[in-house]
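K.L.:
In order, the protein sequence lines correspond to chains A and B. Read in the numbering used here, the first sequence has 1292 at position 215, and its numbers run on one by one without any break. Read in the numbering used here, the second sequence has 179 at position 24, and its numbers run on one by one without any break. First, the structure itself, so that you have it in front of you.
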Amino acid sequence: MSEHPSTYVPKSGIEKWLDTRLPIVRFGADYLSLPTPKNLNYWYTFGGILTLCLVIQIATGIVLAMHYTPNTELAFASVERIMRDVNGGWLIRFVHANGASMFFIAVYLHMLRGLYYGSYKAPREMIWILGCVIFFLMIATAFLGYVLPWGQMSYWGAEVITNLIGAIPLIGEPILIWLRGGPAIDNATLNRFFSLHYLLPFVIFGVVVLHLWALHTSGQNNPVGILIPKDRQAKDMIPFHPYYTVKDGFAVLLFLILFSTFVFFMPDALGHADNYIPANPLQTPAHIVPEWYMLPFYAILRAIPDKFGGVVAMFGSIGVLFILPWLDTSRVRSMRYRPTMRAFFFIFVFVGLGLGWCGGQLPDAPVIGSFKTFTLIDGDLNSYLWLTRLFTAYYFAFFFIILPLVGLKETPLPIPASISEPVLSHPATVSGLVPAQAEKKG
Amino acid sequence: MAEPVVTTDGAHGPDGDDATRRDFIHIAAGAMAAGAGVMAVWPLVNQMNPAADTLALSTIEFDTSKVAEGQQVVITWQGKPVFVRNRTAAEIARVKADDNAGDLKEPQTDAERTKPGHEPMLVVIGSCTHLGCIPTFGTGDFGGWFCPCHGSHYDAAGRIRKGPAPKNLVVPDYEFTAGSTIKIG
């Protein structure tokens, strides 16, 4: 909180000297002593995990750039050289490649946490919007990075995604040539993608600083979703360090175990085998799929029968997140106290996973074995095309219909006056036998 | 009328003339700065356009007599595949019969897509107009091409007949230079 008084007292001479010139140590100390709601659960540790992910990606990325060659003739071979000849290159590349997936796992959970506990609501809209900017930059960076190895899937992914720009009426085609630097994806494209892939993580880092600045200005939300009353702050708030540094540290360890499992035991599980074939502009892979974390958006793109419409829907599915704070009409933040909305939320999570699943399937393939139904407009009803459309409809309905309407219509459960109340009023907890019930939910 | 009459002299007061000059300087300086900004940004934008050596690769020649009847040859032009297809009489008859078919998204006759005197030879950029995949030869519902990625069907004149692609396969600028040799670009 911005009004949190600084408790830092410089001790050594050099600290005193520095404190009057650049109070950077004070800044760090204030950050660690920041009063934080004491009921944050493990869904709140992904902020710390994401910071770690960004640091890992930047550190491994800088090292990989020392060995990589952004040239269509040499890129594929330079990546293979990293894997075979550079000392420990295989490890660094696998950490970087799998790190991208871990980054997205963490960011999706972080976003769903924000959605569930209403972390985007006043006064925290700016934190949410900056988070959306980071998410958008992450997608762009991940796409640019995926193209760099110049494998078959890289090349054709770039072909398909840049072609989306060409769908814009009138100006699409000139912009496409401008973006690619030639009539087709070629050396100019690869070279500029490398340049931008190196740049954007530092832009992300800058926006992360703004994200945290906004967070520390408006204060952290918590699973109960209420503002902590002034007179309860001493009781309901604890310093960030050591309480949350230790809690986050434990979560980071679990996360690193998952990360290491992928890196050391199944490093290619999240990639696509076709990317070990050098790019061939004269042959399309049988089935072009993006990385798993883009599949839901790719599914939305394919669901719309019109090319430009598909592009609009895909960007709209990300763009809608930016206006989310104004779509939700409820005054209650946490979905713990919004039983109706909570049900719609879990359907939304299921639909998001479903869109990801559909994005990885051939659109014409039947969902249920060889079960034959009838053709509706341009596809069999029992096809991934129509299942995707069903999910896409719910995705947009969730934001534009369900959130505004349920917020107005539903009767939320009574919200507690303080974050301690649900814990203290629980009979089992008072007798000191069972941990807080509220901590276990959602 | 009782309202006070405002004169130009009264509006400016002692500093009136200076203020006008200062306004002029502000606007002029602002306009110059904006112009300079645009001029400084333009090279940064323009460098993204195709470079001279990329543009220099814009024409190629190809001898179409290498393509047997009923076959296609794929050549590379500007980094993109170009299909040169020598169509059979039956295929030509079929596409000509479909010249006025109702399912043409971008209506074009077969004659508009080929060169007079060279009807069997169809030259198109082999890139699906949906998202740029390379359609496969001789498949699909219309015997032309089929894009397996998202299911676009093209006929033997390269016209889109079914599926999400919005346009016909693009016919590049080309001409027959000598006999059977074509110059693309």
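Virtual Cβ for every residue (Gly too), placed ideally from N, Cα, C. Here the structure is a predicted model, which is why all the values come from computation and not from measurement.
Give the DSSP bridge partners of A/R1419, in chain order.
P.N.:
Beta-bridge pairing links A/R1419 to no other residue.
K.L.:
Could you tell me which residues DSSP pairs with B/Y329 in its beta bridges?
P.N.:
In DSSP, B/Y329 forms a bridge with B/I339.
K.L.:
Could you give the distance in angstroms between the alpha-carbon of A/T1239 and the alpha-carbon of B/D265?
P.N.:
Looking at the two C-alpha atoms, the distance is approximately 30 Å.
K.L.:
Could you give the DSSP three-state label for A/I1075: helix, strand or coil?
P.N.:
Given a span of 1078 to 1519 for chain A in the structure shown, any question on residue 1075 of chain A remains unanswerable.
K.L.:
Do A/N1352 and A/Q1438 count as a contact pair if the criterion is CB distance below 8 Å?
P.N.:
No; because the gap between Cβ atoms is not below 8 Å, this pair is not in contact.
K.L.:
Closer than 8 Å, CB to CB, is B/N323 near chain A or not?
P.N.:
Judged by the 8 Å Cβ criterion, B/N323 is not in contact with chain A.
K.L.:
Which of the three DSSP states is assigned to A/E1092 in this structure?
P.N.:
In this structure, A/E1092 counts as helix in the three-state DSSP scheme.
K.L.:
How about A/I1395 and A/G1387: are their beta carbons less than 8 Å apart?
P.N.:
Not in contact: A/I1395 and A/G1387 (Cβ atoms no closer than 8 Å).
K.L.:
Could you compute how far the alpha carbon of A/F1399 sits from the alpha carbon of A/G1429?
P.N.:
One C-alpha to the other measures close to 17 Å.
K.L.:
Measuring alpha carbon to alpha carbon, tell me which of A/P1114, A/P1087, A/G1165, A/F1476 ends up nearest A/A1311.
P.N.:
Here the closest residue by C-alpha is A/P1114.
K.L.:
Please list, in chain order, the chain A residues whose beta carbon lies closer than 8 Å to that of B/N204.
P.N.:
Within chain A, the residues near B/N204 are I1254, W1255, G1258.
K.L.:
In chain order, what residues of the stretch 283-317 of chain B put their CB closer than 7 Å to some CB of chain A?
P.N.:
Listed by position, the residues of the stretch 283-317 of chain B near chain A (Cβ gap below 7 Å) are H285, L286, G287, C288, I289, P303, C304, H305, G306.
K.L.:
List the residues that DSSP assigns as beta-bridge partners of A/P1114.
P.N.:
For A/P1114, which the question treats as bridged, DSSP gives the partners A/M1314.
K.L.:
Using a threshold of 8 Å, state whether the C-beta atoms of A/W1369 and A/G1431 are closer than that.
P.N.:
Contact flag unset, no.
K.L.:
Once the 5 residues before and after A/E1092 are set aside, which same chain residues still bring their CB inside 7 Å of it?
P.N.:
If we look at A/E1092 and ignore the five residues flanking it on each side, its Cβ neighbours are V1102.
K.L.:
Give a yes or no on contact between the stretch 1137-1147 of chain A and the stretch 1305-1320 of chain A, applying the rule of three or more CB pairs nearer than 8 Å.
P.N.:
Because the criterion of three Cβ pairs below 8 Å is not met, the stretch 1137-1147 of chain A and the stretch 1305-1320 of chain A do not touch.
K.L.:
Please decide whether A/I1159 counts as near chain B, where near means a Cβ-Cβ distance under 8 Å.
P.N.:
Cβ-Cβ to chain B under 8 Å: no for A/I1159.
K.L.:
Pull up the distance between the alpha-carbon of A/L1330 and that of A/V1426, whole angstroms please.
P.N.:
When rounded, the distance between both Cα atoms is 26 Å.
K.L.:
I'd like to know if A/E1236 contacts chain B, where contact means its C-beta is closer than 8 Å to some C-beta of that chain.
P.N.:
A/E1236 counts as touching chain B.
K.L.:
Would you mind sorting A/L1453 into buried or exposed? The rule is 16 or more other CB atoms within 10 Å of its CB.
P.N.:
The residue is exposed, with fewer than 16 neighbouring Cβ atoms inside 10 Å.
K.L.:
Mind checking if A/L1247 is an interface residue toward chain B, Cβ cutoff 8 Å exclusive?
P.N.:
Closer than 8 Å: no.
K.L.:
Please list, in chain order, the residues of the stretch 229-257 of chain B that have any C-beta partner in chain A closer than 9 Å.
P.N.:
Cβ contacts with chain A: V229, T231, W232, Q233, G234, K235, P236.
K.L.:
Assuming the contact rule is C-beta atoms closer than 8 Å, A/Y1108 and A/R1410 should be a hit. Round their C-beta distance to whole Å, please.
P.N.:
The Cβ separation is near 24 Å, so there is no contact.
K.L.:
State the DSSP-derived secondary structure class of A/L1501, mapped to helix, strand or coil.
P.N.:
Note: A/L1501 maps to helix in three-state DSSP.
K.L.:
Determine, using beta carbons only, whether A/A1328 and A/I1126 come nearer to each other than 8 Å.
P.N.:
Yes, they are a contact pair.
K.L.:
If you compare alpha carbons, which of B/V239, B/K235, B/L277 is closest to A/I1254?
P.N.:
When each option's Cα is compared against that of A/I1254, the closest is B/K235.
K.L.:
Find out if the Cβ-Cβ distance for the pair A/H1274, A/T1361 is shorter than 8 Å.
P.N.:
No. Outside cutoff.
K.L.:
If you run the structure through DSSP and keep just helix, strand and coil, what is A/L1510?
P.N.:
Confidence at A/L1510 is low in this model, with a pLDDT of 44, below 50, so the placement of that residue is unreliable and no value is reported for it.
K.L.:
Write down every uninterrupted run of the beta strand (DSSP E) in the stretch 176-255 of chain B whose length is 3 residues or greater and which is fully enclosed by it, in chain order.
P.N.:
For the stretch 176-255 of chain B, whole beta strand (DSSP E) runs of length 3 or above, ordered along the chain, are 215-218, 227-232, 235-241.
K.L.:
Taking its Cβ as the centre, do 16 or more other Cβ atoms sit within 10 Å of A/F1104, making it buried, or is it exposed?
P.N.:
When all chains shown are included, A/F1104 counts as exposed.
K.L.:
Using 8 Å as the cut-off, can you tell me whether the stretch 1259-1271 of chain A makes contact with the stretch 1190-1210 of chain A, which would need three or more C-beta pairs spanning the two stretches below that distance?
P.N.:
At 8 Å Cβ cutoff, the stretches do not touch.
K.L.:
Going along the chain, which residues of its own chain have a beta-carbon closer than 6 Å to the beta-carbon of A/P1100, five neighbours each way excluded?
P.N.:
Counting only Cβ-Cβ distances below 6 Å, and skipping sequence neighbours, we find nothing.
K.L.:
Report yes if the CB atom of A/Q1204 is closer than 8 Å to the CB atom of A/S1295, and no otherwise.
P.N.:
Before going on, a small fix: residue 1204 of chain A reads as Ile here, not Gln. Going by C-beta atoms, A/I1204 is nearer than 8 Å to A/S1295.
K.L.:
DSSP has B/A317 in a bridge; who is on the other side?
P.N.:
At residue 317 of chain B the sequence reads Lys, which differs from the Ala that was named. In the DSSP output, where bridge partners are listed per residue, B/K317 has B/H308.
K.L.:
Counting Cβ pairs, one atom from each stretch, are 3 or more of them under 8 Å apart for the stretch 319-338 of chain B and the stretch 269-284 of chain B?
P.N.:
The stretch 319-338 of chain B, when compared against the stretch 269-284 of chain B, does touch it at the 8 Å Cβ threshold.
K.L.:
Drop a sphere of 10 angstroms on the beta-carbon of B/E261, count the other beta-carbons inside from all chains shown, and report buried for 16 or more, exposed for fewer.
P.N.:
Under this definition B/E261 is an exposed residue.
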